[in-house]
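>
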Amino acid sequence: MLKQFFEIFRKDNLLQQAFDRSVEMLELDSRMFATAVESLRRRDDARLDMDVYAADQKINHYEQEVRRKAMTHLALGQGANLHGGMVLISIVIDIERIGDYTKNIVDLALRHPERLQCGPFEKRIGRVESTVMKAFARLIEALPVSDQEAAGEVMSEHWWITRKTDDIVNRLIDGESGLEGPDAVVVALYSRFLKRISAHQMNIASSIVNPFDRIGFRDKSTDAENADTQV
Numbered sequence: 027m028l029k030q031f032f033e034i035f036r037k038d039n040l041l042q043q044a045f046d047r048s049v050e051m052l053e054l055d056s057r058m059f060a061t062a063v064e065s066l067r068r069r070d071d072a073r074l075d076m077d078v079y080a081a082d083q084k085i086n087h088y089e090q091e092v093r094r095k096a097m098t099h100l101a102l103g104q105g106a107n108l109h110g111g112m113v114l115i116s117i118v119i120d121i122e123r124i125g126d127y128t129k130n131i132v133d134l135a136l137r138h139p140e141r142l143q144c145g146p147f148e149k150r151i152g153r154v155e156s157t158v159m160k161a162f163a164r165l166i167e168a169l170p171v172s173d174q175e176a177a178g179e180v181m182s183e184h185w186w187i188t189r190k191t192d193d194i195v196n197r198l199i200d201g202e203s204g205l206e207g208p209d210a211v212v213v214a215l216y217s218r219f220l221k222r223i224s225a226h227q228m229n230i231a232s233s234i235v236n237p238f239d240r241i242g243f244r245d246k247s248t249d250a251e252n253a254d255t256q257v
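Its first residue numbered 27, the sequence shown is counted upward by one per residue in my numbering.
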């Protein structure tokens, strides 16, 4: 639904600034996520390639800026482009929450400085990490041009991620994983954080595909074709 407003955004300086800042926030989220995964899963000293906490503060500041500009536009425009402004205010919340969950992954890495080995879930977790990372790239490209096909792919992938991460947590609770102690706790938390990041990506993607009242929702048939094709 953003497509019909995109050309209007181009002509409206305040909304265009807010939109551009939202994409910049998402790009920062992507870099934060890559840094967090590298620290938790690839390194034995939890070293970070960027200050994720400072980046999170920047995202928080940007969120307020986007809200302020969108609301100022709506106030001065007497309701013009109401839908576009409302969509921006909605998705910027999801972008900010992604930053929070990425920061939570860094917290895990600092508490578990040795690289996290996921045991029997290694392949599955790796696939989820890769899918979430690719979703950032898809969204960053899809938002400016309202690419509904790319957005639909992000939405569809989320429901696969939900099933797999829920299964991991359930197996950990049932004691079926062979993981114990800190490793089991960290894998469970990490799975949940990945799921939540994916959920917020799905919400952002749905703003391209759905009308405002359906942001964050999907047609259950959208992921049916992928239901049995992922490991």
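Ideal Cβ positions, reconstructed from N, Cα and C, are used throughout, including at glycine. Predicted model, so just to flag it, every value in this text is computed and none were measured.
Let's test the definition: count the other Cβ atoms within 10 Å of the Cβ of Arg164 and tell me whether it reaches 16, buried, or not, exposed.
When all chains shown are included, Arg164 counts as buried.
> Cα-Cα, which of Glu167, Asn236, Asn229 is closest to Ile124?
Ile124 has its Cα closest to that of Asn229, out of Glu167, Asn236, Asn229.
> For Ile194 and Arg137, which I take to be in contact (beta-carbon distance under 8 Å), what is that distance rounded to the nearest angstrom?
Going by Cβ atoms, the distance from Ile194 to Arg137 rounds to 19 Å, so no, they are not a contact pair.
> When DSSP labels each residue in this structure, what does Met51 get in the three-state scheme?
In the structure shown, Met51 sits in a helix (DSSP, three-state: H, G or I).
> Can the beta-carbon of Arg93 be found closer than 8 Å to that of Val118?
Cβ distance < 8 Å, so Arg93 and Val118 count as in contact.
> For Val171, count neighbouring C-beta atoms within 10 Å of its own C-beta (all shown protein chains included) and say buried if the count is 16 or more, exposed if not.
The residue in question, Val171, is exposed, as its Cβ has fewer than 16 Cβ neighbours within 10 Å.
> May I have the straight-line CA-CA distance separating Glu183 from Arg222, to the nearest angstrom?
Answer to the nearest angstrom: the Cα atoms are 13 Å apart.
> On a CA-only basis, which of Glu122, Ile199, Arg67, Glu64 is nearest Tyr88? Give me that one, please.
Nearest option by C-alpha distance: Glu122.
> Work out the CA separation of Leu169 and Ala72 for me, nearest whole Å.
So the alpha carbons of these two residues sit roughly 33 Å apart.
> Can you give me the Cβ contacts of Ala135 inside the same chain, cut-off strictly under 6 Å, excluding the 5 residues immediately before and after it?
Only Ser65, Leu66, Ala72 meet the Cβ criterion.
> Here's a check: name, in chain order, each residue in its chain whose Cβ is nearer than 8 Å to the Cβ of Asp254, leaving out the five neighbours to either side.
Here the model assigns Asp254 a pLDDT of 39, short of 50, so the residue's position is not dependable and the matter cannot be decided.
> Gln83: which of Leu74, Ala96, Thr98, Leu54 sits nearest, CA to CA?
The shortest Cα separation from Gln83 among Leu74, Ala96, Thr98, Leu54 belongs to Leu54.
> Within its chain, find whatever has a CB closer than 8 Å to the CB of Val257; leave out the 5 residues flanking it on each side and keep chain order.
Its pLDDT being 37, under 50, Val257 is placed unreliably in this model, and the value from its coordinates should be taken loosely. Closer than 8 Å at the Cβ level, and outside the excluded window around Val257, lie Lys149, Arg150, Arg153.
> By Cβ distance below 8 Å, which residues in the same chain neighbour Ile166 in space, the five residues on each side in sequence not counted?
Excluding sequence neighbours, Ile166 sits near Val49, Leu52, Glu53, Ser56.
> What do you reckon, are the CB atoms on Asp75 and Glu140 nearer than 8 Å?
Not in contact: Asp75 and Glu140 (Cβ atoms no closer than 8 Å).
> In terms of residue numbering, what span does the alpha helix (DSSP H) encompassing Phe162 cover?
Note, Phe162: alpha helix (DSSP H), 148-171.
> If you compare alpha carbons, which of Asn196, Thr188, Ala96 is closest to Gln227?
If we check each option's Cα against that of Gln227, Thr188 comes out closest.
> Is DSSP giving Arg141 helix, strand or coil here?
Arg141: coil per DSSP, three-state reduction.
> Please check the pair Val213 and Cys144, which I expect to be a contact at CB under 8 Å, by giving their CB distance rounded to whole angstroms.
Contact holds; Cβ gap of about 5 Å.
> Mind checking if Leu102 is an interface residue toward chain D, Cβ cutoff 8 Å exclusive?
No chain D is part of this structure, which consists of one protein chain only.
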